[in-house]
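**Q** Mind looking over this structure? Questions follow.
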Amino acid sequence: MAATVALLGAVTLACGGGDDGGPPTLNWYINPDNGGQEALAERCTEEADGAYRIETTALPRDASGQREQLVRRLAANDSSIDIMSLDVVFTPEFAAAGFLRPFTEEEAEPLTEGVLEGPLEAAQWDGQLYVAPFYANTQLLWYRRSVAEAAGIDPAEEPITWDQMIDAAEETDTTVAITGARYEGYTVVINSLVASAGGQIIEDPDAGREATPALDSEAGRRAAEIIRRLGRSPAAADGMTNAFENEARTAFEAEDGGFMLNWPFVYSAAKSAVEEGQLDQSVVDDIAWARVPGVEEGEPGAPPLGGINFGIGAFSDHQEEAVDAVRCLTTTQSQIEYMLGEGNPGSRAEVFDDPDIREQYPMASLIRDSIDDATPRPLTPYYTDVSGAIQRTWHPPGSVDPDSTPADADDLIVGVLNDEQLL
Numbered sequence: 035m036a037a038t039v040a041l042l043g044a045v046t047l048a049c050g051g052g053d054d055g056g057p058p059t060l061n062w063y064i065n066p067d068n069g070g071q072e073a074l075a076e077r078c079t080e081e082a083d084g085a086y087r088i089e090t091t092a093l094p095r096d097a098s099g100q101r102e103q104l105v106r107r108l109a110a111n112d113s114s115i116d117i118m119s120l121d122v123v124f125t126p127e128f129a130a131a132g133f134l135r136p137f138t139e140e141e142a143e144p145l146t147e148g149v150l151e152g153p154l155e156a157a158q159w160d161g162q163l164y165v166a167p168f169y170a171n172t173q174l175l176w177y178r179r180s181v182a183e184a185a186g187i188d189p190a191e192e193p194i195t196w197d198q199m200i201d202a203a204e205e206t207d208t209t210v211a212i213t214g215a216r217y218e219g220y221t222v223v224i225n226s227l228v229a230s231a232g233g234q235i236i237e238d239p240d241a242g243r244e245a246t247p248a249l250d251s252e253a254g255r256r257a258a259e260i261i262r263r264l265g266r267s268p269a270a271a272d273g274m275t276n277a278f279e280n281e282a283r284t285a286f287e288a289e290d291g292g293f294m295l296n297w298p299f300v301y302s303a304a305k306s307a308v309e310e311g312q313l314d315q316s317v318v319d320d321i322a323w324a325r326v327p328g329v330e331e332g333e334p335g336a337p338p339l340g341g342i343n344f345g346i347g348a349f350s351d352h353q354e355e356a357v358d359a360v361r362c363l364t365t366t367q368s369q370i371e372y373m374l375g376e377g378n379p380g381s382r383a384e385v386f387d388d389p390d391i392r393e394q395y396p397m398a399s400l401i402r403d404s405i406d407d408a409t410p411r412p413l414t415p416y417y418t419d420v421s422g423a424i425q426r427t428w429h430p431p432g433s434v435d436p437d438s439t440p441a442d443a444d445d446l447i448v449g450v451l452n453d454e455q456l457l
């Protein structure tokens, strides 16, 4: 904690820019990546032609840590935060708290032009654009062609359900990999399942503390049935209850890998593993993809929505310059560059028509369509509490009981929102 405080103090003292008569420095707090956002900052600084400079500071690696650091500083009216990379689930909380400078209608027009429906919905709060969509994300069903053929299914041609996927894995002695650890990635899976069953986690998320949980429903119980079945199935990938995204990817790439729900980065990661001599090319050649499974036969699955958007600090001293910078950082070209370098899909439809994107990501059209149809997690200022309650009651997967777990989750959500229970 002392190191964190010292770091925050050092950053604050270093901020401001322009005091020596030069252009103002825009401080951009980014989620860690492999240098893609820093490269965009350098290019947009050059294109600003002396109007401002953009400097990046990395936030903690996990989304919860990013939120915590930003909330602490913004709650103190920190003017050194000009631009921030914000996980899609935190927009309502930051907007409702007055931490974000909303974009005017005139400013919003170029920032939202061509943006797919899923990320556009998640970028707004109370009818106003609070963050500029940058990269979106969604999950696909990744599967081994050889396994699907052995099971007599073709998910790319005829969509399958979760039960059919688990059946196929059990019949072929292979595995299903998901992000089953007790963290946000597990909530992503549950939200997608509930939405695929025609339900939702919260009925009226914009009601704040008065929101009505809706997991104790037919859709919630159906989602619980599937989670329980997978958690107790011999097809559950080893270590599923502790699996984050990379652990799920590793399980899928193993000799008994069959099916996986995960983000598009897994494809470029697998190709990189081949280049580094850590994975055989035959594994990559065997990888296929399809839309996420449905819950009921004939009903399409609801892809989850992830991603990062750019917000402007409400207390920034350089808000006009920050708007101009965000405009540069989120152009179609910026999103293409970032997707090619980092593996995270853009939020604009045009990105997926780029020839280089299509060459690197042969499933580009499916990614685009899945993002457009993606179901956001509950858009509520109290999302962190809602997600924490779900993780606590639905984990581990094998312990889930369709007759009690959804109701227990609803009760805990209500208790937490009313300060009657702690997570």
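Residue 35 is where the sequence shown starts when you use this note's numbering, and the numbers rise one by one after that. The beta carbon of each residue, even a glycine, is placed where N, CA and C say it ideally should be. All values reported here derive from a predicted model rather than from experimental measurement.
#1: How should residue 255 be labelled, buried or exposed, when 16 other C-beta atoms within 10 angstroms of its C-beta is the threshold for buried?
#2: Check the DSSP bridge columns for residue 88 and list the partner residues they point to.
#3: Hey, which unbroken runs of the beta strand (DSSP E) at 3 residues or more fall wholly within the stretch 152 to 184?
#4: If you draw a straight line from the C-alpha of residue 232 to the C-alpha of residue 338, how long is it?
#5: Taking the continuous alpha helix (DSSP H) assigned at residue 105, which residues delimit it?
#6: Under a three-way DSSP split, which group does residue 414 fall into?
#7: With a CB to CB cut of under 6 Å and the five nearest residues on each side skipped, what residues in its chain are close to residue 211?
#8: The beta strand (DSSP E) spanning residue 118 covers which residue range?
#9: Report, in whole angstroms, the separation of the C-beta atoms of residue 152 and residue 410, which I expect to be a contact under 8 Å.
#10: Within the chosen definition, does the stretch 82 to 95 reach the stretch 135 to 152 through at least 3 CB pairs nearer than 8 Å?
#11: Judging by CA-CA distance, which residue of 123, 207 and 189 is the nearest neighbour of residue 177?
#12: Would you be able to state if there are at least three C-beta pairs under 8 Å between the stretch 117 to 137 and the stretch 377 to 388?
#13: Taking the alpha carbon of residue 258 as the reference point, which residue from 239, 226 and 273 has its own alpha carbon closest?
#14: State yes or no: is the C-beta of residue 164 within less than 8 Å of the C-beta of residue 119?
#15: Considering only the beta carbon of each residue, do residue 194 and residue 298 sit closer than 8 Å?
#16: To test your reading of the DSSP string, which unbroken beta strand (DSSP E) runs of 3 or more residues are found completely within the stretch 298 to 329?
#17: Where does residue 396 sit, in a helix, a strand or coil, going by DSSP?
#18: Below 7 Å CB to CB, which residues in the same chain sit around residue 455 once its five sequence neighbours on both sides are set aside?
#19: Where DSSP assigns a beta bridge to residue 210, which residues make up the other side?
#20: Below 8 Å, can you find three or more Cβ-Cβ pairs linking the stretch 361 to 372 to the stretch 127 to 139?
#21: On a Cα-Cα basis, can you pick out the residue from 214, 418, 393 and 249 that is closest to residue 302?
#22: Since residue 280 is in the alpha helix (DSSP H), which residue starts that stretch and which ends it?
#23: Mark residue 110 as exposed unless 16 or more other C-beta atoms lie within 10 angstroms of its C-beta, in which case mark it buried.
#24: Is residue 135 helix, strand or coil by DSSP?
#25: Measure the Cβ-Cβ separation of residue 202 and residue 187 and say whether it is below 8 Å.
#26: When the Cα of residue 291 is compared with those of 262, 207, 309 and 355, which residue comes out closest?
#27: The alpha helix (DSSP H) spanning residue 342 covers which residue range?
#28: For residue 185, which residues of its own chain have a beta-carbon under 6 Å away from its beta-carbon, when the five flanking residues on both sides are left out?
#29: For the putative contact between residue 414 and residue 236, defined by C-beta atoms under 8 Å, what is the C-beta separation to the nearest angstrom?
#30: Determine the burial state of residue 56: buried for a count of at least 16 other Cβ atoms within 10 Å of its Cβ, exposed for fewer.
#31: The alpha helix (DSSP H) spanning residue 447 covers which residue range?
#32: I need the boundaries of the alpha helix (DSSP H) containing residue 75, first residue and last residue.
#33: Measure how close the beta-carbons of residue 321 and residue 304 come, nearest whole angstrom, since I'm counting them as under 8 Å.
#34: When you compare only the Cα positions, how much space is there between residue 170 and residue 229?
#35: Leaving out five residues before and five after residue 141 in sequence, what residues of the same chain have Cβ atoms less than 7 Å from its Cβ?
#36: Which residues mark the beginning and the end of the alpha helix (DSSP H) in which residue 372 is found?
**A** Reading it off the structure:
#1: buried
#2: 60
#3: 166 to 171 and 174 to 178
#4: 14 Å
#5: 97 to 109
#6: coil
#7: 271, 282, 285, 286 and 294
#8: 117 to 121
#9: 7 Å
#10: no
#11: 189
#12: no
#13: 226
#14: no
#15: no
#16: 321 to 324
#17: coil
#18: 446 and 449
#19: 270 and 293
#20: no
#21: 393
#22: 279 to 287
#23: exposed
#24: coil
#25: yes
#26: 207
#27: Premise fails: residue 342 lies in the beta strand (DSSP E), 340 to 346, not in any alpha helix (DSSP H).
#28: 202, 205 and 206
#29: 6 Å
#30: exposed
#31: 439 to 451
#32: 70 to 82
#33: 7 Å
#34: 19 Å
#35: 357
#36: 366 to 376
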